[in-house]
Amino acid sequence: MRIIRNFIVGLLLVFVGIAAIMLIPSPQPPASKPWEVTVMPDNNISVFGIHLGNTDYKTAQEELRIFGKTAIFTDPDNKATVEAYFDSVNLGGLSAKMVLNLDVPEDKVSAMLQRASVGKLQPSGAHQHELVEEDKQFLLSSPVAAITYIPSVRLSREMIQERFGEPDSIDVGLPDDKGNTSESWSYQALNLSVIFGSTGKTILIYQTK
Numbered sequence: 010m011r012i013i014r015n016f017i018v019g020l021l022l023v024f025v026g027i028a029a030i031m032l033i034p035s036p037q038p039p040a041s042k043p044w045e046v047t048v049m050p051d052n053n054i055s056v057f058g059i060h061l062g063n064t065d066y067k068t069a070q071e072e073l074r075i076f077g078k079t080a081i082f083t084d085p086d087n088k089a090t091v092e093a094y095f096d097s098v099n100l101g102g103l104s105a106k107m108v109l110n111l112d113v114p115e116d117k118v119s120a121m122l123q124r125a126s127v128g129k130l131q132p133s134g135a136h137q138h139e140l141v142e143e144d145k146q147f148l149l150s151s152p153v154a155a156i157t158y159i160p161s162v163r164l165s166r167e168m169i170q171e172r173f174g175e176p177d178s179i180d181v182g183l184p185d186d187k188g189n190t191s192e193s194w195s196y197q198a199l200n201l202s203v204i205f206g207s208t209g210k211t212i213l214i215y216q217t218k
């Protein structure tokens, strides 16, 4: 009886051990950094695991490991853009704000606006329109057309040049009321613009061709 009991106890311990191993989560692949950009066969880029013009919003959230919020923004000229925004994303040890521009047909955007809330005025002068749940679900299958990445720490010109090389062109903006100017560096092969803002922020904008 003791032998049978010991056998059963041993067998149970084996099963418990196997179950414990199965419950251990598999290691996550390291998150990509803003300078890890790949040009894809369609000449669009892939960054943060998002292939612009190809990866949909649902998959993008899975790659970023965080849920975003969607809304339509209209500028003073009534031009509308559909955006998914993230107040704080941590990728590769860098914390940042991020905005994904979603590719949505114009007629669909117009229909969404009719169902959306009255626009809330933003500091930029744009109006933010909250979407109904049905339209939020629709956007999950919409491809990401552009990414705006705003790191919480300022990335210096030297760091950007070290990571991306010499820019193809540099545009200097008009001075603000304090005399500070912004610079926009263009990297055409990567469909990338890097803006060194007059307030000290660095903004990276990745776009489709």
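Using the numbering used here, count along the sequence shown one by one with no gaps and you end on 218. Quick reminder that beta carbons are idealized off the backbone N, C-alpha and C, glycines included.
DSSP three-state assignment for residue i, whether helix, strand or coil
i       : result
Ile-214 : strand
Asp-86  : coil
Ile-54  : strand
Leu-103 : strand
Val-98  : strand
Ala-120 : helix
Arg-166 : helix
Lys-187 : coil
Leu-149 : coil
Phe-173 : helix
Gln-37  : Reliability fails at Gln-37, whose pLDDT of 47 lies under 50, so the model's placement of it is uncertain and no value is given.
Thr-68  : helix
Cross-strand partners of residue i (DSSP beta bridge)
i       : result
Ile-156 : Leu-109, Tyr-215
Ser-195 : Ser-178, Ser-202
Asn-63  : None, per the DSSP bridge assignment.
Leu-130 : His-136
Thr-47  : Ser-55
Glu-92  : Ala-80, Asn-110
Closest by C-alpha distance to residue i, when choosing among the options
i       : options                            : result
Val-229 : Phe-76, Thr-64, Ser-97, Leu-109    : The displayed coordinates of the chain run from 10 to 218. Any statement about residue 229 would go beyond what the structure contains.
Val-181 : Met-121, Gly-206, Ser-191          : Ser-191
Thr-68  : Leu-199, Met-107, Pro-152          : Pro-152
Ala-105 : Thr-157, His-136, Gln-216          : Thr-157
Ala-155 : Glu-45, Gly-134, Asp-65, Ser-41    : Asp-65
Met-107 : Thr-79, His-138, Lys-187           : Thr-79
Gly-102 : Phe-57, Asn-189, Lys-117           : Phe-57
Asp-96  : His-138, Asn-87, Leu-73, Phe-173   : Leu-73
Ile-81  : Ile-54, Gly-174, Ser-119           : Ser-119
Gln-131 : Pro-85, Leu-213, Asn-189, Phe-205  : Pro-85
Ser-161 : Gln-146, Val-141, Ile-212, Glu-175 : Ile-212
Lys-210 : Lys-187, Ile-159, Thr-217          : Ile-159
Ala-89  : Phe-76, Val-98, Glu-115, Gly-77    : Glu-115
Pro-134 : Asn-87, Asp-185, Leu-201           : Correcting the residue type first, residue 134 is Gly in the shown sequence and not Pro. It is Asn-87 whose Cα lies nearest to the Cα of Gly-134.
Asp-185 : Val-141, Gly-128, Ala-93, Gly-206  : Gly-206
Tyr-94  : Met-168, Gly-188, Gln-70           : Gln-70
Gly-174 : Val-113, Leu-201, Ser-41, Glu-142  : Leu-201
CB-CB length for residue i against residue j, believed under 8 Å
i       : j       : result
Leu-1   : Leu-111 : Nothing can be reported for residue 1: it is not among the residues displayed for the chain, which extend from 10 to 218.
His-136 : Thr-208 : Actually they do not touch by this definition, with Cβ atoms about 23 Å apart.
Leu-61  : Tyr-215 : 6 Å
Trp-44  : Arg-172 : 4 Å
Ile-59  : Val-46  : Wrong, their Cβ atoms sit about 11 Å apart, outside the cutoff.
Arg-124 : Asp-144 : 6 Å
Ile-204 : Ser-193 : 5 Å
Ser-126 : Glu-139 : 4 Å
Ile-183 : Val-48  : As written in the sequence, residue 183 is Leu, which differs from the Ile given in the question. So it is not a contact: roughly 33 Å between Cβ atoms.
Lys-218 : Asn-52  : 5 Å
Asp-177 : Gln-146 : 40 Å between Cβ atoms; not a contact.
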